[in-house]
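Each remark here refers to the structure printed beneath this line.
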Amino acid sequence: MVARSPGLERVSLFSDGVFAVLITILVLEMKPPEEVTFEALVPLWPTGLSYAISYLFIAVVWINHHHLFGFADEATPQLLWSNFVHLFSVSLIPFTTEWVAESRLAAAPVALYAALFVIVNATYLALCWEVVDRPANESASELMQRMLTMRSFITIGVFVVSALLALKWPVVAIVLICVCLACYTRPDLPGARTPERGGRAHR
């Protein structure tokens, strides 16, 4: 078992704090109706839907981020910057979520929403390359590296298609986004090795 460096622990804690703040911002953007009836909640369904999808997205990103950092054993400068770029892309989720909700799933906001998912996945892929594809990393098998890369490219492609579809069929794009998110609810992949605490992996 190999101990993780203190610097890496600080990066993980900082990242966890960013995700927690983003979830808090999401719920703060939800405004209750002025009327005190249940019927007044019905027109707010776009807000509830966009909040639920964004909450799921942030949860999926955090779970995969947490799992990915289990393979890291050193806070290299490349890892730090890759992580910051990834967190920057994730930090834009509340903005796009609010626009989608206020526009009631209009074409342009949903297209931007899907495009942001593309960026988040692209920056996650860059983080994967830094964490598991480094020559010095013995914690990740070649099979896991290939499967992570393949899944990332496939989901990026699906989100690109969603962004294009959103320009004409926003609801279809939202459904496609939800289906794609389901592929990431499990961070580990069949046949891949899972890291033990301390940064070393086991079968």
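Heads up: the sequence shown begins at 76 in our numbering, then just goes up one per residue. Positions of the beta carbon are idealized from the N, C-alpha and C atoms, including for glycine.
| Item | Value |
| --- | --- |
| Beta-carbon proximity of TYR126 to MET105, cut-off 7 Å | yes |
| Endpoints, the alpha helix (DSSP H) within which CYS253 is located | 245-257 |
| Distance between SER166 and ALA211 (C-alpha atoms, nearest Å) | Note that ALA211 has pLDDT 49, beneath the 50 cutoff, so the model's placement of it is unreliable and no number is given. |
| At least 3 beta-carbon pairs within less than 8 Å: the stretch 153-163 vs the stretch 189-208 | yes |
| ILE133 classed as buried or exposed, judged by whether at least 16 other C-beta atoms fall within 10 angstroms | buried |
| Inter-stretch contact at 8 Å, needing at least 3 Cβ pairs: the stretch 171-191 / the stretch 238-251 | yes |
| Outcome for ARG261 when other beta-carbon atoms lying within 10 angstroms are tallied against a minimum of 16 | exposed |
| Cβ pair count under 8 Å reaching 3, the stretch 229-236 against the stretch 248-257 | yes |
| Short Cβ contact (7 Å threshold) for THR198 with SER227 | no |
| Opening and closing residue of the alpha helix (DSSP H) in which VAL195 lies | 182-207 |
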